[in-house]
Amino acid sequence: MSSLVWVELDEDGPDHNLDQIRKSSGFRGIHCAVVKSNAYGHGVKEMVPLLSSAQWLAVNSLDEGLELRLNGESRPVLVLGHVPLNRLAEARDGELRFIVCNSETLDAIRELSPSDKTINLHIKVETGTWRQGVLPEDVPAMAEEIAGIQGVVLDGIYTHFANIEDTLNHQYAEMQLSRFQDVLQILKQRGLMPPVVHTACTAAAVLFPATHFSMIRTGIGLYGLWPSRETKLSAESSESGVPDLRPVLSWKTRIVQIKQVPAGSDIGYGGTYRTTRASRIAVLPVGYADGYRRSIGNTGWVLVSGQRAPVVGRVCMNLCMVDVTDLSSVRLEDEVVLLGRSGGEEISAELMGQWTGTINYEVVTGISPLLPRIVKKGE
Ligand SMILES: Cc1ncc(COP(=O)(O)O)c(C=O)c1O
0 MSSLVWVELD EDGPDHNLDQ IRKSSGFRGI HCAVVKSNAY GHGVKEMVPL LSSAQWLAVN
60 SLDEGLELRL NGESRPVLVL GHVPLNRLAE ARDGELRFIV CNSETLDAIR ELSPSDKTIN
120 LHIKVETGTW RQGVLPEDVP AMAEEIAGIQ GVVLDGIYTH FANIEDTLNH QYAEMQLSRF
180 QDVLQILKQR GLMPPVVHTA CTAAAVLFPA THFSMIRTGI GLYGLWPSRE TKLSAESSES
240 GVPDLRPVLS WKTRIVQIKQ VPAGSDIGYG GTYRTTRASR IAVLPVGYAD GYRRSIGNTG
300 WVLVSGQRAP VVGRVCMNLC MVDVTDLSSV RLEDEVVLLG RSGGEEISAE LMGQWTGTIN
360 YEVVTGISPL LPRIVKKGE
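Just so we're aligned, residue 0 is where the sequence shown starts under numbering that gives the first Met the number 0, counting upward by one.
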């Protein structure tokens, strides 16, 4: 036994999910796997090799991109976040494609010393998310400016939807798509169209073929999670196919102590749980420092040999307690499932999100990068 808390990844899950998204949506173009934020908490070093069918990868930061290169990744990598003006040469030398939203970025590129490496830029169009992006009316001038800089190529253009997963009403997304198409039209007329056009996150890729263009940019679906209940409902009630998404990640630990506790004992910090009977309490070596949220205390449960054990008292930084009084044959160092399946039971990222007032994205992304990731053949 090498570790007391760990994450397991289903070896075949990522490519299975990618294939499902492609098959159900009928998409045949470039598939860009979004592996930002430690591959949505799954562990980027372990996940990326499992995404062998993805032709491109996308990350948030320059450092994430450089780390992929350091690990020998040779596929095109797109940096979706801002590249600091004083580190543009690093992006160029690492052959990372990156986005441009500011004229200052172009000014700083002009100042770089000459290189035989090309800089491939993607303009992000602001179509209504009001996050990063260039206003539609400013895009043609920026594209022209890029065309005039030596050693720089406008490789792509894209946008990101604000409200495509959280709703059954897709009017806002349709409006954003229409604004984006208007920009493409102008670029086409002026002979400035870049080769790679992309808008589709998982929900868009699954629900709306009109958002596909030449590349889709999916994250959550590759990890086997639905962007939301609304996306799944929309897919199920549409003519398009429904991908069979398989969660890739399980999160596990082991019992480090079992004790008899008398009735009337207050468990953990703050005494937020009082036993009402003589109880058997198991101590788990996992806490909020690992990403196991404090708010799970007195709300959620774990699985021991397919049986539910409620989390009692507050979750501490590195420990928590579960009530195993009603469970059969529980022993020291038994495996405990925090997230995933055990017997006929499952704790999904969505369920943990309900316990903690958040979404599956935040649940998995919040798992500490310090925990070991173990790749296993799925059961
Ligand atoms: C710019 C951009 N593209 C694509 C994605 C992937 O979205 P999803 O995980 O919903 O597929 C994200 C996710 O946050 C993003 O910020």
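C-beta atoms are modelled at their ideal positions from N, C-alpha and C, and glycine is treated no differently.
Since this is a predicted model, take the numbers as computed values, not measurements.
Helix or strand or just coil, what does DSSP make of residue i?
{"i": "R68", "result": "helix"}
{"i": "F97", "result": "strand"}
{"i": "H211", "result": "coil"}
{"i": "W354", "result": "helix"}
{"i": "H121", "result": "strand"}
{"i": "A140", "result": "helix"}
{"i": "T104", "result": "helix"}
{"i": "G155", "result": "strand"}
{"i": "E334", "result": "strand"}
{"i": "S177", "result": "helix"}
{"i": "M320", "result": "strand"}
{"i": "D243", "result": "coil"}
{"i": "E45", "result": "helix"}
{"i": "Y291", "result": "coil"}
{"i": "A234", "result": "helix"}
{"i": "V4", "result": "strand"}
{"i": "D265", "result": "strand"}
{"i": "I148", "result": "coil"}
{"i": "I254", "result": "coil"}
{"i": "A202", "result": "helix"}
{"i": "L56", "result": "strand"}
{"i": "R86", "result": "helix"}
{"i": "P309", "result": "strand"}
May I ask whether a heavy atom of ligand 1 can be found less than 7 Å away from the beta carbon of residue i?
{"i": "T217", "result": "yes"}
{"i": "E229", "result": "no"}
{"i": "L17", "result": "no"}
{"i": "L206", "result": "no"}
{"i": "E164", "result": "yes"}
{"i": "H159", "result": "yes"}
{"i": "C200", "result": "yes"}
{"i": "V362", "result": "no"}
{"i": "V33", "result": "yes"}
{"i": "G147", "result": "no"}
{"i": "G220", "result": "yes"}
{"i": "L79", "result": "yes"}
{"i": "P194", "result": "no"}
{"i": "P242", "result": "no"}
{"i": "P226", "result": "yes"}
Can you check whether the CB of residue j is closer than 8 Å to the CB of residue i?
{"i": "Y157", "j": "Y360", "result": "no"}
{"i": "G312", "j": "N297", "result": "yes"}
{"i": "S24", "j": "A204", "result": "yes"}
{"i": "V76", "j": "I118", "result": "no"}
{"i": "Y222", "j": "V241", "result": "no"}
{"i": "W354", "j": "V6", "result": "no"}
{"i": "D9", "j": "L50", "result": "no"}
{"i": "M192", "j": "G28", "result": "no"}
{"i": "E344", "j": "R293", "result": "no"}
{"i": "I98", "j": "I148", "result": "no"}
{"i": "E89", "j": "L65", "result": "yes"}
{"i": "I254", "j": "L232", "result": "no"}
{"i": "V78", "j": "R216", "result": "no"}
{"i": "F26", "j": "H211", "result": "yes"}
{"i": "S303", "j": "V329", "result": "The residue asked about is misnamed: residue 303 is Val in this sequence, not Ser. Contact: yes."}
{"i": "R74", "j": "L56", "result": "yes"}
{"i": "G377", "j": "S341", "result": "no"}
{"i": "K44", "j": "N70", "result": "yes"}
{"i": "L337", "j": "V301", "result": "yes"}
{"i": "E229", "j": "E136", "result": "no"}
{"i": "L183", "j": "V196", "result": "yes"}
{"i": "H30", "j": "R372", "result": "no"}
{"i": "E167", "j": "N16", "result": "Here residue 167 turns out to be Leu, not Glu, going by the sequence shown. Contact flag unset, no."}
Among the options, which one has its Cα closest to the Cα of residue i?
{"i": "S112", "options": "G12, L95 and R91", "result": "R91"}
{"i": "I122", "options": "N168, V314 and H159", "result": "H159"}
{"i": "M141", "options": "G365, I266 and E103", "result": "E103"}
{"i": "E334", "options": "L186, A281 and H169", "result": "A281"}
{"i": "D154", "options": "E143, E136 and A308", "result": "E143"}
{"i": "L350", "options": "G299, A146 and L69", "result": "G299"}
{"i": "A262", "options": "G269, R253, A277 and T198", "result": "A277"}
{"i": "D181", "options": "L134, V82 and V58", "result": "L134"}
{"i": "G80", "options": "L61, K22 and H41", "result": "L61"}
{"i": "A209", "options": "A161, W129, S177 and N162", "result": "S177"}
{"i": "I20", "options": "D265, G218 and C100", "result": "G218"}
{"i": "G458", "options": "V314, T274, L206 and D18", "result": "No answer is possible for residue 458: the residues shown for the chain start at 0 and end at 378."}
{"i": "D265", "options": "L326, E125, M320 and T198", "result": "M320"}
{"i": "T252", "options": "L331, A234, V124 and P226", "result": "L331"}
Is residue i near ligand 3, with its Cβ less than 7 Å from a heavy atom?
{"i": "S264", "result": "Within the structure as shown, ligand 3 is missing, the only ligands being ligand 1."}
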